[in-house]
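Undergrad:
Residue numbers (the numbering used here): 235 to 426.
Given below as structure tokens:
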């Protein structure tokens with residue numbers, strides 16, 4: 235897939251950005267076609283060499299997070315709108331020109347349907363999107379931490395190391411199940 239093929243598909247599929255929202259194309263490479271308005275950027279990214287994944291990113295110009303732009307992907311936009319399941323959203327992969335054309339058309343349709351306020355630079359919606367990402371990151375971190383703690387608790391429980399069981403569970407007590415709370419109570423009784 236050449237740069238011209240990707241550019242042509244994206245320019246055609248996302249032409250509404252130019253006509254309806256006053257974006258202009260500012261970058262074209264083998265793997266990205268980027269558009270900008272005065273306050274918002276939108277990029278179509280395509281990994282034509284390894285994963286063949288295709289996605290859309292949108293973010294605010296000149297609003298940096300950790301010194302870098304903070305793009306949001308289509309999955310985040312759809313989850314914010316509560317339609318990811320309805321749209322059966324998953325990542326897009328395209329290893330042939332015809333599949334790439336279909337994926338570009340679908341992403342264009344999703345963006346024009348669910349990202350209107352972002353394209354219009356509604357700062358409140360960008361803040362809601364940022365909050366969604368923070369919550370999802372926090373949930374992922376908690377899930378990972380709980381998985382690690384549960385493995386450690388299993389070992390400590392089998393070794394009847396109830397002090398360690400209590401210490402581990404106490405660190406995440408608000409997030410453990412009722413069964414785990416019963417184990418915690420039992421472990422604390424054994425330690426006393």
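Quick reminder that beta carbons are idealized off the backbone N, C-alpha and C, glycines included. From a predicted model like this one, the values you see are computed outputs, not experimental measurements.
For a quick check, are the C-beta atoms of residue 277 and residue 284 less than 8 Å apart?
TA: Locating residue 277 in the chain shown gives position 43, where the first residue counts as 1. Locating residue 284 in the chain shown gives position 50, where the first residue counts as 1. Taking 8 Å as the Cβ cut-off, residue 277 and residue 284 do not qualify as a contacting pair.
Undergrad: At a cut-off of 7 Å, is residue 391 close to the ligand GTP when judged by its beta-carbon and the heavy atoms of the ligand?
TA: In the structure shown, the ligand GTP is absent, as is every other ligand, since no ligand is present at all.
Undergrad: Any contact of the region 359-372 with the region 331-347, i.e. 3+ C-beta pairs under 8 Å?
TA: Cβ pair count under 8 Å is below three, so no.
Undergrad: So, do the region 397-412 and the region 376-388 have three or more beta carbon pairs nearer to each other than 8 Å?
TA: As far as the Cβ criterion goes, the region 397-412 touches the region 376-388, which means the pair count is three or higher.
Undergrad: Just to confirm the assignment, what range does the beta strand (DSSP E) spanning residue 279 have?
TA: In the chain shown, the residue the question calls residue 279 occupies position 45. Start and end: 274-280.
Undergrad: Would you kindly work out how many angstroms separate the C-alpha atoms of residue 316 and residue 328, rounded to a whole number?
TA: In the chain shown, the residue the question calls residue 316 occupies position 82. In the chain shown, the residue the question calls residue 328 occupies position 94. So the alpha carbons of these two residues sit roughly 26 Å apart.
Undergrad: Measuring straight from C-alpha to C-alpha, what distance separates residue 249 and residue 353?
TA: By 1-based counting over the chain shown, the position of residue 249 is 15. By 1-based counting over the chain shown, the position of residue 353 is 119. Distance between the alpha carbons of residue 249 and residue 353 is about 13 Å.
Undergrad: Mapping DSSP to helix, strand and coil, what is residue 255?
TA: As a position in the chain shown, residue 255 is number 21, starting the count at 1. Three-state result, residue 255: helix.
Undergrad: Does DSSP classify residue 356 as helix, strand or coil?
TA: By 1-based counting over the chain shown, the position of residue 356 is 122. Looking at residue 356 - three-state DSSP - the assignment turns out to be coil, as it is neither helix nor strand.
Undergrad: With a threshold of 6 Å on Cβ separation, who are the neighbours of residue 379 within its own chain once the five nearest residues in sequence on each side are excluded?
TA: The residue labelled residue 379 in the question sits at position 145 within the chain shown. Cβ neighbours of residue 379 beyond the five flanking positions: none.
Undergrad: Would you mind stating whether residue 280 and residue 288 have Cβ atoms separated by less than 8 Å?
TA: As a position in the chain shown, residue 280 is number 46, starting the count at 1. As a position in the chain shown, residue 288 is number 54, starting the count at 1. Yes; because the gap between Cβ atoms is below 8 Å, this pair is in contact.
Undergrad: Classify residue 325: buried if its beta carbon has 16 or more other beta carbons within 10 angstroms, exposed otherwise.
TA: Residue 325 sits at position 91 when you count from the first residue of the chain shown. It counts as exposed.
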